[in-house]
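Enquirer:
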Amino acid sequence: MKTFARMACALALVVGGAGSANASIQINGTRVIYPAGQREVTISMENNSSAPVLLQSWVDEGNPKDSPENSKAPFILTPPLVRVDPGKGQTLRIMFTGANLPQDRESVFWLNVLEIPTKPKAKESDTSNYLQFAIRSRMKIFYRPNGLSGNAFDAVEKINWRVEKDGNGYVAECNNPTPYFVSFGSLNFKGVAPEKNLEPKGGMCPPMASEKFPLKGDAAAAAGKLTVEVINDYGGFDTHEVSFTR
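This note's numbering puts the first residue of the sequence shown at 173, with every later residue one more than the last.
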């Protein structure tokens, strides 16, 4: 008598973290800007695969290990759990529930979309094993209070940069006096080819605070300049050349 062996292994993966896992759901956007006072913000998604998927969505405060059950982020998502058929779309509504957040600067949270594939249909004579992946996408939600000075697009020009030696390399310290988060796709000495390796790790210079980032290349050859690729509100890359001190 044959023994039927099937293995279903659900792995929560951030998109980009596993080269062999491909998401079926396409999210239309790479970040969410939530203006204070707005009733809700929506984001659309599409299932580009040939099979239905189950989507579970929640918001966390920055800890990727937070589950929907223990997250304390002040947002409600509708629908939190939904089936999306192949070729169909889904709109996710994000609503701020109210919280004592700073009103003089932005706050950042993370939207999670977990894509759970349906179980393959098994025939009685099927003895093959199968592996299923539950792929998780994460993107930033920026809560933006009303009346902030300046604007997010010009914030990078206000940042002060200092470069210091760190072992065999260098680090760049940003000091951001503006009320906006500045997200980086890449940060390099001038003349060094950009590597978009900061954004998946959450490369941001926080508002009214400082942060350090690793740098590759020769500080002397850069002639006091850094090349910064800033990710704007629409998810596009804006390249800036900024000065630094040592």
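Cβ atoms here follow ideal geometry from the backbone N, Cα and C, with glycine treated the same way. Source: prediction; values computed, not measured.
Using CA coordinates, which residue listed in Val231, Pro378, Leu320 and Asn323 is at the minimum distance from glutamate 345?
Expert: Reading the sequence shown from its first residue, position 173 is the one you call residue 345. Among Val231, Pro378, Leu320 and Asn323, the Cα nearest to that of glutamate 345 belongs to Pro378.
Enquirer: What residue range is occupied by the uninterrupted beta strand (DSSP E) comprising asparagine 284?
Expert: For the purposes of this step, residue 284 is taken as the residue at position 112 of the sequence shown. Its beta strand (DSSP E) spans residues 279-289.
Enquirer: Measure from the C-beta of isoleucine 197 to each C-beta in chain B and report whether the shortest distance is under 8 Å.
Expert: Of the protein chains in this structure there is only one, and it is not chain B.
Enquirer: To the nearest angstrom, how far is the alpha carbon of leucine 320 from that of threonine 202?
Expert: For the purposes of this step, residue 320 is identified with residue 148 of the sequence shown, where counting begins at 1. For the purposes of this step, residue 202 is identified with residue 30 of the sequence shown, where counting begins at 1. Using only the alpha carbons, I get a separation of about 23 Å.
Enquirer: Work out the CA separation of alanine 306 and lysine 260 for me, nearest whole Å.
Expert: If you number the sequence shown from 1, residue 260 lands on position 88. If you number the sequence shown from 1, residue 306 lands on position 134. Cα to Cα, lysine 260 sits roughly 19 Å from alanine 306.
Enquirer: In chain order, what residues of the same chain have a beta carbon less than 6 Å from the beta carbon of threonine 417, not counting five sequence neighbours either side?
Expert: Position 245 of the sequence shown, counted from the start, is the residue given in the question as residue 417. Result list for threonine 417: Arg334, in chain order.
Enquirer: Check whether the Cβ atoms of leucine 227 and isoleucine 248 lie closer than 8 Å to each other.
Expert: If you number the sequence shown from 1, residue 227 lands on position 55. If you number the sequence shown from 1, residue 248 lands on position 76. Contact flag unset, no.
Enquirer: Kindly indicate the opening and closing residues of the beta strand (DSSP E) around glutamine 198.
Expert: Counting from 1 along the sequence shown, the entry for residue 198 is found at position 26. 197-199 is the extent of the beta strand (DSSP E) around glutamine 198.
Enquirer: Measuring alpha carbon to alpha carbon, tell me which of Gly322, Tyr342 and Val343 ends up nearest proline 351.
Expert: On the sequence shown, position 179 is the one that residue 351 refers to. Ranking the options by Cα distance to proline 351, first place goes to Gly322.
Enquirer: For phenylalanine 325, which of helix, strand or coil comes out of DSSP?
Expert: Walking along the sequence shown from the start, residue 325 turns up at place 153. Phenylalanine 325: helix per DSSP, three-state reduction.
Enquirer: When DSSP builds the beta bridges, which residues end up paired with phenylalanine 247?
Expert: The residue you call residue 247 lines up with position 75 of the sequence shown. Phe268.
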